[in-house]
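Q: Just passing along the structure, written as structure tokens.
Residue numbers (our numbering): -9 to 495.
Shown next, in the form of structure tokens:
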């Protein structure tokens, strides 16, 4: 019997991008299907797991292809691809062409694979966990017709045509996803679905969600629309030229409600257990092969995100003192750090950090929250390779929002950096210091600005070797004379000297 792999469902979300929440529906459906077969499943934002097979949702929003070397990744394509479909990047198509992919629609595959039969296709059908225990009867629901999704001129025109028949169409005034959106869907007599792209692929994920919640779906159907068989008798289909007649003569009638209830009952019989069982079996074999072939030496990160907080950076080593932030590595860099470091975490796998091995450190709130800022800066200096970069963005002391974050312990001004650059010797530093290579004021929109509008400062500090003159200054100004040669001859040198001394006597 094949051992089931641990499954991790990773959703790509650029910072502040609310529409990534839309992938939660599909991730939850994958989780449901895999769990019912006995797999251990987790869901994460931007995070990959070294100890699992990762299904990646939303990779068209950005994904470092090199991460596939260390992580077992299967990419879930949910974009309408090909002629008349979504305008995705060449990098995304190249990623799909060279990766393991699972799709929801067979018609997408030709856009990225010359061997369509080798790409797995799984549908989004009935989700029993969404069934409402106390569903409002359809005729008593307060929302006549609900529209969900991005708006374009074509969809807007269709909605206006429907409203001209006297049916009120409700549209969200902002992005809404997950349980917050579902609370409105269950109050609607029906949801209207219209195609966004000329490709007219059926919006399977959205429609299956609504049907699973117990809300009928009235959907446009064009000649090129090819839905899964489960939707043929579960959706109330319309052609575009039937809009006015349907909503003026049929919608809201007893016959409509009878047909809608029958469609919902039919959908509850749609169970895609077989394709998901095949997908899980594929994931087991894929993960086993990948884990045998991937590098087994510890990962030696060259980019470190210090104080990662809510802004996790894939491909970096994310370190934070707060476990609630789900960092790769839990640690407080305001405490003494002893290098080299070796460890093993579920997200990174085996990891090793040597002194002077890191190319770049990004830190923002870590500096403001540090109990011991000089210790933190010293740890960064020790970790960076010669000419390595420390990028920081910190609140300016004159800004109104400086103390908005209750976890901040200090603010900064233009003079703060002297202690780590020109006056390095005050901290007991000797051989290396920082040098400011870029300094910019940033406003509340994170744009470069003049000092009067500044809310923060962005700096690039580079690790440099001290000059002979700077080391002489340090010996002069520090409490002691700094590091000196030991001047003790070792045992070998002593044996060389002794005979000469005897002959001289």
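All residues carry an ideal CB built from backbone N, CA and C; glycine is no exception. Predicted, not measured: the structure shown is a model, and the values here were computed from it.
Taking Cβ to Cβ, would you say residue 363 is nearer than 7 Å to residue 453?
A: No, they are not a contact pair.
Q: Cβ of residue 296 within 7 Å of Cβ of residue 351?
A: Yes, they are a contact pair.
Q: For residue 399, count neighbouring Cβ atoms within 10 angstroms of its own Cβ and tell me buried if that reaches 16, exposed if not.
A: Exposed: under 16 other Cβ atoms inside 10 Å.
Q: When you compare only the Cα positions, how much space is there between residue 153 and residue 141?
A: Cα to Cα, the separation comes out at about 16 Å.
Q: Does the contact criterion of 3 or more C-beta pairs under 8 Å hold for the segment 70 to 80 versus the segment -2 to 7?
A: Contact between the segment 70 to 80 and the segment -2 to 7 is absent, because fewer than three Cβ pairs lie under 8 Å.
Q: At 4 residues or longer, and completely inside the segment 227 to 279: list those alpha helix (DSSP H) runs for me, N to C.
A: DSSP runs (the alpha helix (DSSP H)) wholly in the segment 227 to 279: 233 to 239, 244 to 257.
Q: Could you tell me whether the segment 23 to 32 touches the segment 294 to 311, using the rule of 3 or more Cβ pairs below 8 Å?
A: Counting Cβ pairs under 8 Å, fewer than three are found: no touch.
Q: Please return the same chain residues whose Cβ sits closer than 7 Å to the Cβ of residue 99, not counting the five positions on each side in sequence.
A: Within the same chain, residue 99 has close Cβ partners 93, 106, 109.
Q: Give the secondary structure of residue 170 by DSSP, where H, G and I count as helix, E and B as strand, and everything else as coil.
A: Helix, per DSSP.
Q: Going by C-alpha to C-alpha distance, which of 219, 206, 11, 335 sits closest to residue 260?
A: Of the candidates 219, 206, 11, 335, the one whose C-alpha sits nearest the C-alpha of residue 260 is 219.
Q: Measure the C-alpha to C-alpha separation of residue 499 and residue 434 and round it to an integer number of angstroms.
A: Any question about residue 499 goes unanswered here, given that the chain covers just -9 to 495.
Q: With residue 0 and residue 36 assumed to form a contact (beta carbons below 8 Å), what rounded beta-carbon distance in angstroms separates them?
A: The pair is a contact, with the Cβ atoms about 7 Å apart (cut-off 8 Å).
Q: At 4 residues or longer, what runs of the alpha helix (DSSP H) sit wholly inside the segment 126 to 183?
A: The segment 126 to 183 contains these whole alpha helix (DSSP H) runs: 143 to 153, 168 to 175.
Q: Going by DSSP, what residue range makes up the beta strand (DSSP E) through residue 446?
A: 446 to 455 is the span of the beta strand (DSSP E), which, as asked, contains residue 446.
Q: Is residue 491 helix, strand or coil by DSSP?
A: In this prediction, residue 491 scores a pLDDT of 48, lower than 50, which makes its location untrustworthy; no coordinate-derived value is stated.
Q: Measuring straight from C-alpha to C-alpha, what distance separates residue 150 and residue 441?
A: Roughly 49 Å separates the two Cα atoms.
Q: Measuring straight from C-alpha to C-alpha, what distance separates residue 255 and residue 124?
A: C-alpha separation (whole angstroms): 16 Å.
Q: Here's the rule I'm using: 16 or more other beta-carbon atoms within 10 Å means buried, otherwise exposed. How should residue 194 be labelled?
A: It is buried - the Cβ of residue 194 has at least 16 other Cβ atoms within 10 Å.
Q: Less than 7 Å separating the beta-carbons of residue 65 and residue 84?
A: No. Outside cutoff.
Q: Among the candidates 395, 407, 465, 396, whose CA atom is the shortest distance from the CA of residue 420?
A: Checking every option, the nearest Cα to that of residue 420 belongs to 465.
Q: Using only the alpha-carbon positions, how far apart do residue 492 and residue 472 sit?
A: The pLDDT assigned to residue 492 is 46, lower than 50, so where the model puts this residue is not dependable; a value taken from the coordinates is nonetheless given after this. Approximately 37 Å, taken between the alpha carbons.
Q: Quick one: what does DSSP say residue 387 is sitting in, helix, strand or coil?
A: Residue 387 falls in the coil class under three-state DSSP.
Q: Rounded to a whole number of angstroms, what is the C-alpha to C-alpha distance between residue 139 and residue 346?
A: When rounded, the distance between both Cα atoms is 50 Å.
Q: Relative to the C-alpha of residue 57, which residue among 266, 280, 130, 131 is closest?
A: Residue 280 is the option with its Cα nearest to residue 57.
Q: Locate the beta strand (DSSP E) running through residue 302, then write down its first and last residues.
A: Residue 302 -> no beta strand (DSSP E), and no H or E assigned at all.
Q: What residue range is occupied by the uninterrupted beta strand (DSSP E) comprising residue -2?
A: Element bounds for residue -2: -3 to 1.
Q: Are three or more beta carbon pairs between the segment 127 to 136 and the segment 174 to 182 nearer than 8 Å?
A: Touching, yes.
Q: Determine the direct distance from the alpha carbon of residue 207 to that of residue 216, and round the result to whole angstroms.
A: If you take the alpha carbons of residue 216 and residue 207, they lie about 16 Å apart.
Q: With DSSP as the reference, label residue 319 as helix, strand or coil.
A: Of the three classes helix, strand and coil, the one that applies to residue 319 here is strand, per DSSP.
Q: Using the three-state DSSP reduction, which class does residue 90 fall into: helix, strand or coil?
A: Three-state DSSP puts residue 90 in a strand.
Q: Which of the three DSSP states is assigned to residue 216 in this structure?
A: Three-state DSSP puts residue 216 in coil, outside helix and strand.
Q: Give the straight-line distance between the Cα atoms of residue -6 and residue 69, rounded to the nearest whole angstrom.
A: Cα-Cα distance, rounded: 28 Å.
Q: Please tell me whether residue 51 and residue 168 are closer than 7 Å, where the distance is taken between their beta carbons.
A: Taking 7 Å as the Cβ cut-off, residue 51 and residue 168 do not qualify as a contacting pair.
Q: Using a beta-carbon distance below 7 Å, is residue 328 in contact with chain C?
A: In the displayed structure, chain C is absent; only one protein chain is listed.
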